[in-house]
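Sequential numbering from 30 applies to the sequence shown in the numbering used here. Glycine is no exception: its CB is placed at the ideal position from the N, C-alpha and C atoms. This report concerns only the one structure given below.
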Amino acid sequence: MSVDAFITETTVEGDDDGPLADRTVAIKDNISTAGVRTTCGSEMLADYVPPYDATVVERLKGAGATLVGKTNMDEFGMGTTTETSAFGPTRNPVDESRVPGGSSGGSAAAVAAGEADVALGSDTGGSVRCPAAFCGVVGIKPTYGLVSRYGLVAYANSLEQIGPLAPTVEEAAEVLEVIAGPDDRDATTRAAGADADYASAADGDVEGLSVGVPTELIEGADERVVERFEATLDDLKAQGAETHEVSLPSVEHAVQAYYVIAMSEASSNLARFDGVRYGPETDAEGNWNETFARVREEGFGDEVKRRILLGTYALSAGYHDKYYAKAQDARAWLKQDFDEALAEADVLASPTMPVLPFELGESLDDPLQMYLADANTVPVNLANLPAISVPAGRADGLPVGFQLIGPAFGERDIVRAASAVEN
Ligand code: GLN
30 MSVDAFITET TVEGDDDGPL ADRTVAIKDN ISTAGVRTTC GSEMLADYVP
80 PYDATVVERL KGAGATLVGK TNMDEFGMGT TTETSAFGPT RNPVDESRVP
130 GGSSGGSAAA VAAGEADVAL GSDTGGSVRC PAAFCGVVGI KPTYGLVSRY
180 GLVAYANSLE QIGPLAPTVE EAAEVLEVIA GPDDRDATTR AAGADADYAS
230 AADGDVEGLS VGVPTELIEG ADERVVERFE ATLDDLKAQG AETHEVSLPS
280 VEHAVQAYYV IAMSEASSNL ARFDGVRYGP ETDAEGNWNE TFARVREEGF
330 GDEVKRRILL GTYALSAGYH DKYYAKAQDA RAWLKQDFDE ALAEADVLAS
380 PTMPVLPFEL GESLDDPLQM YLADANTVPV NLANLPAISV PAGRADGLPV
430 GFQLIGPAFG ERDIVRAASA VEN
């Protein structure tokens, strides 16, 4: 299709009726679909066809949705542009010379291009919110434990949640309602929030809402982004919200802590790709170590290899305390800072991404630049909180995303505030 949003196109009909009947859904290709290949954007899983559905897919089908395909993504979710996919890049439907964001770039592009009504992505450090912001659609990262991860191929399991992408806040909330709630097959799911009616919170009523603005998440952002952000805050004030500055001193360590934790978990999670159950055929015979090394050399791309190497290093004897344990301390500190800021505000607001969508190819040679673009999204995953990205107009013709962060299981609060941004 036009912007290469899909790795696999298919049609899988859901039940005859339900809240999502007649809706088409695109699914990120790291979410298992029975009988439909699930590649994670990797050569390693190019031929892998799962025998079962992820819980979220089962729930979407039960709600009547029709699956239309599996979407392109950064390999195993590792990236911010969808360019680390083994299947080539996806283009941004708003400007085809730009990236759609990542890692759920195919899902956002499919929705923005009208190739699916709604989509699912996964957000480990911003992968639903970033592409939502770059493509001008809505994306929700739920509270950790609200949505089952059963059937999601793990990248960094302590950080990630599956979340919806949609053209409007209300439609995203409708999908969240269908996929949320406890699951016996994922012991990290909670009952909290399970029965909540998210879509009805999209009523645009922000009279008396208190919005905290963390100064640290504005500093360093592109001034064209900041201009749109400030204008959106003014809109919210005009609708009856109150805004004030808050401080999250620990966020200066968030990107470092995130990458240490994410890479450490990735090095462990990706050890299962050993060439026995998954992976390309190689001509290395007999010697297990050699086969293991060869399959991983051929099956993984550069970004995945970089992260496995760094994660293995961070967890190794002698370095564990220096890196991994420190990163966990930073994570605890961040949670505390968020608790304090949310004690003085109903929701927090920031630009979703500090930058406008990159040109295709621009960031590939500079991983550090790419990692720093995650500055405003990763703190939310480290603190296990819910957040939404909602379009806040355009700068130089390119979409800008406005991020709202809520207290744990406060999805209704961020849905309500985001629906006022849409007005
Ligand atoms: N860009 C971040 C990373 O590369 C986030 C990715 C994600 O949320 N899956 O890790």
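- In this structure, tyrosine 287 lies away from valine 444, with their beta-carbon atoms at least 8 Å apart.
- At a cut-off of 7 Å, the beta-carbon of threonine 109 counts as near the ligand GLN: some heavy atom of the ligand is closer than that.
- Minimum Cα-Cα distance from arginine 301 among the listed residues Asp312, Ala322, Val289 and Leu414 corresponds to Ala322.
- For a cut-off of 8 Å, the C-beta gap from glutamate 440 to glycine 222 is around 6 Å, short enough to register as a contact.
- The ligand GLN approaches serine 151 closely enough that one of its heavy atoms is under 7 Å from the residue's Cβ.
- Between the region 394–405 and the region 178–188 there are fewer than three C-beta pairs closer than 8 Å, too few to call the two in contact.
- Taken from the Cβ of glycine 154, at least one heavy atom of the ligand GLN lies inside 7 Å.
- For tyrosine 179, the CB stays at least 7 Å from every heavy atom of the ligand GLN.
- Judged by beta-carbon spacing, valine 419 lies within the 8 Å limit of valine 167, meaning their Cβ atoms are closer than that value.
- Leucine 96 places its beta carbon less than 8 Å from that of threonine 39.
- The ligand GLN never approaches aspartate 395 closely enough for any of its heavy atoms to be under 7 Å from the residue's Cβ.
- Assigned with DSSP and collapsed to three states, leucine 149 falls in strand.
- Around the beta carbon of tryptophan 317, fewer than 16 other beta carbons lie within 10 angstroms, which makes this residue exposed.
- With contacts defined as CB atoms closer than 8 Å, alanine 370 and leucine 377 qualify as a contacting pair.
- In the same chain as aspartate 212, and ignoring 5 residues on each side of it, the C-beta atoms closer than 7 Å to its own belong to Thr84, Ser177, Tyr179 and Thr218, in chain order.
- Shortest gap from the CB of aspartate 403 to any heavy atom of the ligand GLN: under 7 Å.
- Contact between the region 264–273 and the region 71–82 is absent: fewer than 3 CB-CB pairs across the two stretches fall below 8 Å.
- When the five nearest sequence neighbours on each side are left out, the beta carbons in the same chain lying within less than 8 Å of the beta carbon of proline 48 are those of Ala92, Gly93, Glu203, Glu206 and Val207, in order along the chain.
- Contact check for leucine 389 against serine 132 fails: the beta carbons are separated by 8 Å or more.
- Secondary structure note for glycine 340: its alpha helix (DSSP H) is the uninterrupted segment 331–344.
- Beta bridge pairing from DSSP links serine 239 with Glu271.
- Nearest to valine 275 by C-alpha distance, out of Ala437, Ala374 and Phe105, is Ala374.
- A Cβ-Cβ contact shorter than 8 Å links threonine 111 with aspartate 103.
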